[in-house]
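Q: I am attaching a structure below and will ask some questions about it afterwards.
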Amino acid sequence: MQLNKYFKYLDSYLPDLKQSWILLALTALVGMLVAGFGTLAISFAVPSAAKWADLIIYPLVFLPATIFIIGEIRNQREMSLIEPNRIPPTRPVNSKNFGKLGMTLSFIIIFFLIFTFNIATEPLYTWMGVPDFIKEFYDNMKLNPWSSFLTVVIFAPLFEELLCRGVILRGLLHHITPAKAIFWSALMFAVMHLNPWQALPAFMVGLLMGWIYWKTGSLLATIFIHFVNNGFSFMITLLFPDMGADATFSSLMPFNQYIILYVFSILFTIASLWYLKSNYDKSVSTEV
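Just so you know, the numbering used here puts 34 at position 26 of the sequence shown, and the rest follows in order with no gaps.
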C-alpha cells in the first residue's frame with residue numbers, strides 16, 4: 009500500500025528530454041560524488057563496516073535526483089494553487105496492462121526471453137576487453153557476497169528501474185513518440201553505467217525493458233527483468249569463481265553447439281516478442 013502511495017506521488021512528474029538528462033547527470037555525476045565521499049567517511053569512521061559500504065552508500069547515488077524530482081513536484085503543486093484550473097497531466101508509474109496473457113504468463117515468457125535475448129545480442133558487445141576495475145568489482149563480489157547480492161540483485165533493479173523506466177521513460181512517452189522515448193531511455197541507462205563494457209549490454213537490455221514498459225506500463229515487469237538479469241550474473245560469479253569476467257556463451261561450449269544455441273535464441277526471442285505484442289490489448293502510449 010505504501011509503495012502504491014509513493015508511485016501515486018510520482019504520477020504527475022513527467023520529465024521531458026532535457027529534464028531526463030538533468031536527472032541522469034544528477035545520478036551519474038553528482039550522485040557518484042556523494043556516494044564516493046560517503047564511502048570514504050564510512051571507511052575512516054567505522055573501518056569494520058567497510059565491506060558493507062556499497063550497500064549503505066548505494067541509495068545515496070540516487071539522492072540528488074530524488075531531491076530534484078521532489079522539488080519539481082512541489083513546484084507543480086504550488087502552480088496548481090495559483091492557477092486552480094491548471095491540472096498537470098498524469099501517467100501511472102505502475103500498471104498491469106498485460107492484455108490477454110495476464111501477468112503470470114507474461115512473466116514466465118519474459119523469464120526465458122531474458123536469457124535468449126542476452127545470447128542473441130551477445131556478439132554485439134563481447135568483442136570489447138574487460139576493464140581492470142570491472143575485474144576488481146567481480147573479485148570483491150566474491151569476497152563480500154551478501155553485501156554484493158543486496159546491492160546488485162536487489163537495490164540496483166529497484167532504484168535503477170524506478171528512475172530509468174518509472175520516471176524517465178514514462179515522462180518521455182508523454183512528450184515524444186515511443187520509439188524515440190525507448191531509445192533515449194535505453195541510452196541514458198547505458199550512460200549511467202559509466203563504462204563501455206557495461207554500457208552496450210545495458211543499452212540492449214534497456215531497449216527490451218523499455219519496450220516491455222511501453223506495452224504493459226508495468227514497472228514490476230522491468231524490475232523483474234533487471235532482477236533476473238543481475239541475479240543470474242551474480243549466481244554464475246559465485247558458483248564458478250574461477251570463470252573470468254570476460255567469459256561468454258561462445259567461449260564455454262563447442263562452436264557447433266553454440267551455433268545451435270544462438271540460432272534457437274534468435275528464433276525464440278523473435279517469437280516471444282511477436283507473441284507478447286500480439287496478445288497485449290493496448291500500449292501505455294497511444295502514439296505510433
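We put the CB at the ideal spot given by N, CA and C, even for glycine.
#1: For Ser293, collect the residues of the same chain with a Cβ closer than 7 Å to its Cβ; drop the 5 residues on either side in sequence, then sort them by chain order.
#2: Do you know offhand how far Ala210's Cα is from Val199's?
#3: Please classify Trp135: does DSSP put it in a helix, a strand, or coil?
#4: Whole angstroms is fine: what's the gap from Lys16's alpha carbon to Pro100's?
#5: At which residue ranges does the segment 93-174 contain complete alpha helix (DSSP H) runs of 4 or more residues, listed in the order of the chain?
#6: Our contact map puts Phe163 next to Tyr66 with C-beta atoms below 8 Å; I'd like the distance itself, whole angstroms only.
#7: Closest to Leu215 by CA distance: which of Pro23, Phe197 and Ser114 is it?
#8: Keeping to the same chain, check which residues put their C-beta closer than 8 Å to that of Ser88; ignore five residues upstream and five downstream.
#9: By how many angstroms is the C-alpha of Ala36 removed from the C-alpha of Glu295?
#10: Please report how far the alpha carbon of Leu202 lies from the alpha carbon of Pro92, in whole angstroms.
#11: For the ligand GTP, I want to know if Ile244 counts as a neighbour, meaning its beta carbon is within less than 7 Å of at least one of the ligand's heavy atoms.
#12: Drop a sphere of 10 angstroms on the beta-carbon of Leu170, count the other beta-carbons inside from all chains shown, and report buried for 16 or more, exposed for fewer.
#13: Within 10 angstroms of the Cβ of Asn237, are there 16 or more other Cβ atoms? Answer buried if so, exposed if not.
#14: Using the Cα positions of Lys104 and Thr112, report the straight-line distance between them to the nearest angstrom.
#15: Below 8 Å on the Cβ atoms is my contact criterion, and I expect Ile30 with Phe76 to pass it. Report the Cβ-Cβ distance as a whole number of Å.
#16: Would DSSP call Val217 helix, strand or coil?
#17: In the DSSP assignment, find the unbroken alpha helix (DSSP H) run with Ser280 in it and report its ends.
#18: Might you give, ordered along the chain, the residues of its own chain that have their beta carbon closer than 8 Å to the beta carbon of Leu281, omitting 5 neighbours on each side?
#19: Can you tell me the Cβ-Cβ gap for Ile118 and Leu269, rounded? I've got them flagged as a contact below 8 Å.
#20: Find out if the Cβ-Cβ distance for the pair Thr129, Met217 is shorter than 8 Å.
#21: Using CA coordinates, which residue listed in Thr159, Pro204, Val271 and Tyr146 is at the minimum distance from Thr245?
A: Let's see:
#1: Unreliable placement is indicated for Ser293, whose pLDDT of 45 sits below 50; the coordinate value is still reported in the next sentence. Taken in chain order, the residues that qualify are Leu181, Pro186 and Trp222.
#2: 9 Å
#3: coil
#4: 7 Å
#5: 110-129, 140-151, 153-156 and 164-169
#6: 5 Å
#7: Phe197
#8: Arg94, Ile95 and Pro96
#9: Confidence at Glu295 is low in this model, with a pLDDT of 42, below 50, so its placement is unreliable and the value that follows should be read with caution. Computed Cα separation, rounded: 30 Å.
#10: 43 Å
#11: Of the ligands one can find in the structure shown there are none, so the ligand GTP has no counterpart to examine.
#12: buried
#13: buried
#14: 11 Å
#15: 7 Å
#16: Per the sequence presented here, residue 217 reads as Met, with Val not at that position. Looking at Met217 - three-state DSSP - the assignment turns out to be helix.
#17: Phe263 to Asn287
#18: Leu121 and Trp219
#19: 19 Å between Cβ atoms; not a contact.
#20: no
#21: Tyr146
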